[in-house]
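If you read the protein sequences in the order shown, they are chains A and B. So for the first sequence, our numbering puts the first residue at 310; every next one is plus one. So for the second sequence, our numbering puts the first residue at 13; every next one is plus one. For every residue, glycine included, the Cβ atom is placed at its ideal position computed from N, Cα and C. Below: one structure, written as structure tokens.
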Amino acid sequence: MDLLKLGQHTFTSRLILGTGKFSNAETMLKAIQASGAQLVTVALRRFNRERPSDDLLGPLLTIKGLTLMPNTSGACNAQEAVKAARIARELSGSPFIKVEIHPNPHHLMPDAIETLEATRILAAEGFVVMPYMPADPVLAKRLEDVGCAAVMPLGSGIGTGHGLATADLLKLIIRDSRVPVIVDAGLRSPADAALAMEIGCDAVLVNSAIAVAGDPVAMAAAFALAVQAGRSARLAGIMSQSEEAVPTSPLTLFLADAGPIHQTNQKTV
Amino acid sequence: MDSMRLIINGKTIERPGPCSLEALLRELKLMADRVATVVNDDVVPSKLRAAHQVQEGDRIEILTFAGGG
């Protein structure tokens, strides 16, 4: 069976869903179910007494077989991310943590140095650490060295929908990685997800593209199909490209013996 | 009982003290298994809340999960 292995945990689905930006909890739950995702991200937030319905933990726990992967969004450095991770584990009961450290709200690019430090500390504490990272092949190996369970390089900026702008760098990461490579951020349409899987990513994490779609539930199902198609294609072995045309039909010369084509349309006496 | 000031999620409140963290959550009508509690930067696990007395000036963060990518 083709399983995604993260630490000691295995999953049949290679589509991870983010739970942000959905218009309401009901749509989010239906989208998760339509996507077949077994792993979803959540964010920590101060409890709001005026809006207790904002709490997602209750609704998410109603879906069987779902594992939560809290993120450390909001953390600007390793120390804050480690603190957020410990709080999140207490609440989720899940060992998974998505390390997400982006100090600049304009571009939300991950801080490589702080991400490496947080990953080192949290991996030593037994977390299944999934760092969101720039698409940097050198950093990917450094994160692997300190014990991450997967690397999650960005395809393009969070919420930008610019797709796999980093495709060439992703290929370098995939070629050398000993841990799963999961593209996180920037995917816009199922085509992006299929392409990510075709170039050899082990999974994709999608949030905005589904949450803000006209019909999030239908889009979740579409992404699930794309991820499966891309994965199957990768496993099937994709043909290599050629600079010259290579015929698919036999180029025999029997037509040349029949003379010019226009003659075949003339009435014969 | 003396009055004590607590800073809960950044807002200062006054209540009679001391009391346990568990009693405080009950008073705030929070579902105890749906929130994480942090007192002065230390996570207080749910099973330790009954024994944890909150003190004058404590900074208490009550956190939950919201949507996020």
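query, result
"So for T319 of chain A, helix, strand or coil by DSSP?", "strand"
"What does a CB cutoff of less than 6 Å around A518 of chain A pick up in its chain, not counting 5 residues either side in sequence?", "L496, R497"
"Using the beta-carbon of each residue, which ones in chain A are nearer than 7 Å to A48 of chain B?", "I396, E399, L400"
"Is L375 of chain A helix, strand or coil when you go by DSSP?", "coil"
"Tell me the rounded alpha-carbon separation between T336 of chain A and P525 of chain A.", "7 Å"
"Here's the rule I'm using: 16 or more other beta-carbon atoms within 10 Å means buried, otherwise exposed. How should T49 of chain B be labelled?", "buried"
"Following the continuous beta strand (DSSP E) through V536 of chain A, name the residue where it begins and the one where it ends.", "V536 of chain A -> not in any beta strand (DSSP E); alpha helix (DSSP H) instead, spanning 525-545."
"Interface residues of chain A around A44 of chain B at Cβ under 8 Å?", "Going along chain A, no residue has its Cβ under 8 Å from A44 of chain B, so there is no contact; the nearest lies around 11 Å."
"Give the range of the alpha helix (DSSP H) segment to which S517 of chain A is assigned.", "517-520"
"Which residues, in order along the segment 330-356 of chain A, keep a beta-carbon less than 8 Å from a beta-carbon of chain C?", "The chain labelled as chain C is not found among the protein chains of the depicted structure, namely A and B."
"Once the 5 residues before and after T428 of chain A are set aside, which same chain residues still bring their CB inside 8 Å of it?", "V408, V438, P440, L452, V455, G456, C457"
"Which bits of chain B does G367 of chain A rub up against, with CB to CB less than 7 Å?", "R46"
"Pairing CB atoms from the segment 412-425 of chain A with CB atoms from the segment 461-475 of chain A, are three or more of them under 8 Å?", "yes"
"Between V391 of chain A and I430 of chain A, how many whole angstroms is the CB-CB distance? I'm expecting something under 8 Å.", "5 Å"
"Mind checking which residues open and close the alpha helix (DSSP H) that includes L463 of chain A?", "Counting along the chain, L463 of chain A falls outside any alpha helix (DSSP H), and DSSP gives it neither H nor E."
"Give me the residue from A:A474, A:D420, A:A533, A:G327 with the minimum Cα distance to L448 of chain A.", "A:D420"
"Taking three-plus beta-carbon pairs below 8 Å as touching, is the segment 379-387 of chain A in contact with the segment 39-57 of chain B?", "no"
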